[in-house]
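Peer 1: Numbering-wise (the numbering used here), the sequence shown opens with residue 427 and increments by one.
Just so you know, even glycine gets a beta-carbon here, dropped at the ideal spot from N, CA and C.
Before we start, here is the structure in question, set down as structure tokens.
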Amino acid sequence: MNRLESNPKVPYVVGSKSPTAVAINSASKAGEWIKSRLGGIHELNTKQSPHDLVTDVDKGAEAMIRKLILTHFPDHDILGEEGVAPGAAASAAALSQAGTSDYLWIVDPVDGTTNFVHGFPFFCVSIALAYKGEVIIGVIYDPMRDELFVAEKGKGAYLHGQRAKVSGDGVLAESVVAVGFNPDRNFALPTNLRGLNALSGEVRSLRAAGSAALHLAYVAAGRLSGYYEVGLNAWDVAAGALIVAESGGRVTDTAGAPYNLGVRHLVASNGHVHQELLDVIQKADATGL
Ligand code: IPD
Ligand code: CA
Ligand code: CA
Numbered sequence: 427m428n429r430l431e432s433n434p435k436v437p438y439v440v441g442s443k444s445p446t447a448v449a450i451n452s453a454s455k456a457g458e459w460i461k462s463r464l465g466g467i468h469e470l471n472t473k474q475s476p477h478d479l480v481t482d483v484d485k486g487a488e489a490m491i492r493k494l495i496l497t498h499f500p501d502h503d504i505l506g507e508e509g510v511a512p513g514a515a516a517s518a519a520a521l522s523q524a525g526t527s528d529y530l531w532i533v534d535p536v537d538g539t540t541n542f543v544h545g546f547p548f549f550c551v552s553i554a555l556a557y558k559g560e561v562i563i564g565v566i567y568d569p570m571r572d573e574l575f576v577a578e579k580g581k582g583a584y585l586h587g588q589r590a591k592v593s594g595d596g597v598l599a600e601s602v603v604a605v606g607f608n609p610d611r612n613f614a615l616p617t618n619l620r621g622l623n624a625l626s627g628e629v630r631s632l633r634a635a636g637s638a639a640l641h642l643a644y645v646a647a648g649r650l651s652g653y654y655e656v657g658l659n660a661w662d663v664a665a666g667a668l669i670v671a672e673s674g675g676r677v678t679d680t681a682g683a684p685y686n687l688g689v690r691h692l693v694a695s696n697g698h699v700h701q702e703l704l705d706v707i708q709k710a711d712a713t714g715l
């Protein structure tokens, strides 16, 4: 008699894979599937505004990731973007009610949906695991470049097995910094535009490529020296924040307080230019706080 027959109430748990392996496997599988659907979207809908898109691919990828995670960890909780109503209030409520288990997976199945819809090849899968509210694993997969960013708390961050390291740029004037345009046009957009406007005169150059998670991965890899955006959600940031920190960078809210899962207004950097970034954003009244 096998285990299932002897006790049908005990869910069958497959093997004993590490949560990091499960995160990597889920992100890569979903990423490959997302890539295969580029240009082949069946359903395109808007959420709260015409700027906030969602497709059958976002939903399908999240369902796939949920299934893969729960196959290995049936008693863990999952906070996925597509399971939460749009807007800051719903996002905060979902985070505070995010289940009873100590383990919470935080999933953005497609970060950069607008890019995906328009065929602009800059989007990714972002998966984090938090233990008692602290992120301990972060995985970001860019299926277009086959780039996998992985971090475990206290163990560093890696890009395809090579240690990731933030840039050495010491001043904003020599830095390339990313910004973002949140779909919330009432609160976030004017704030982000004030920040962008102020930063534009201080940095070497600005970028706004449309994926918060990949911007963070690029800060970790030293390709950008900073990233700023207000109005983000836990699933945009959780994995990337750990990857930046484990690459030697710094992640705070726009007031300079250390990152936690509830932070929506974010500054991430190589550490060296962090204070300068904060000063510019604060002086421009662009903190969102
Ligand atoms: C968005 C992207 C975008 C950022 C927005 C996010 P989504 O996530 O990360 O770059 O500016 O704030 O909402 O909707 O593509 O998952
Ligand atoms: Ca996102
Ligand atoms: Ca998304």
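#1: Would you list, in sequence order, the uninterrupted alpha helix (DSSP H) runs of no fewer than 4 residues that lie entirely inside the stretch 523–578?
#2: Go ahead and pull the three-state DSSP assignment for T713.
#3: Quick check: what's the CA-CA separation for M427 versus M490?
#4: In its own chain, which residues sit with a C-beta less than 7 Å from the C-beta of E469, not counting the 5 before and 5 after it?
#5: Just to check, is the beta-carbon of G457 closer than 7 Å to a non-hydrogen atom of ligand 1?
#6: Kindly identify the DSSP beta-bridge partner or partners of Q588.
#7: Put R649 into one of helix, strand or coil per three-state DSSP.
#8: Classify L703 as buried or exposed, calling it buried when 16 or more other Cβ atoms lie within 10 Å of its own Cβ.
#9: DSSP state of N451, grouped into three classes?
#10: Pull the bridge partners of D503 from the DSSP assignment, please.
#11: Look at the alpha carbon of F499 and the alpha carbon of S442, and state the distance between them as a whole number of angstroms.
#12: Report all residues from its chain with a CB closer than 7 Å to the CB of V510; omit the five preceding and five following residues, and keep chain order.
#13: For V656, which three-state DSSP category applies?
Peer 2: Working from what's here:
#1: 539–544
#2: Counted from its first residue, the sequence shown places residue 713 at position 287. DSSP places T713 in coil when its eight states are reduced to three.
#3: For the purposes of this step, residue 427 is taken as residue 1 along the sequence shown, with counting starting at 1. For the purposes of this step, residue 490 is taken as residue 64 along the sequence shown, with counting starting at 1. In this predicted model, M427 has a pLDDT of only 43, less than 50, meaning its place in the structure is not dependable enough to derive any value.
#4: Position 43 of the sequence shown, counting from 1, holds the residue named residue 469. So the list reads T481, D482, once near-sequence residues are dropped.
#5: To locate residue 457, count along the sequence shown from 1; it is residue 31. The answer is no for G457.
#6: In the sequence shown, counting from the first residue as 1, residue 588 sits at position 162. Answer is L585, bridged to Q588.
#7: Locating residue 649 in the sequence shown gives position 223, where the first residue counts as 1. Of the three classes helix, strand and coil, the one that applies to R649 here is coil, per DSSP.
#8: Indexing the sequence shown from 1 puts residue 703 at position 277. Per the 10 Å Cβ criterion, buried.
#9: On the sequence shown, residue 451 is found 25 positions in, with the first residue counted as 1. Three-state result, N451: helix.
#10: For the purposes of this step, residue 503 is taken as the residue at position 77 of the sequence shown. DSSP, once it has assigned bridges, lists L530 as partnering D503.
#11: Reading the sequence shown from its first residue, position 73 is the one you call residue 499. Reading the sequence shown from its first residue, position 16 is the one you call residue 442. Taking the straight line from one Cα to the other gives about 9 Å.
#12: Here residue 510 refers to the residue found at position 84 of the sequence shown. Correct list, in chain order: A516, S517, A520.
#13: For the purposes of this step, residue 656 is identified with residue 230 of the sequence shown, where counting begins at 1. If DSSP states are grouped into helix, strand and coil, V656 belongs with coil.
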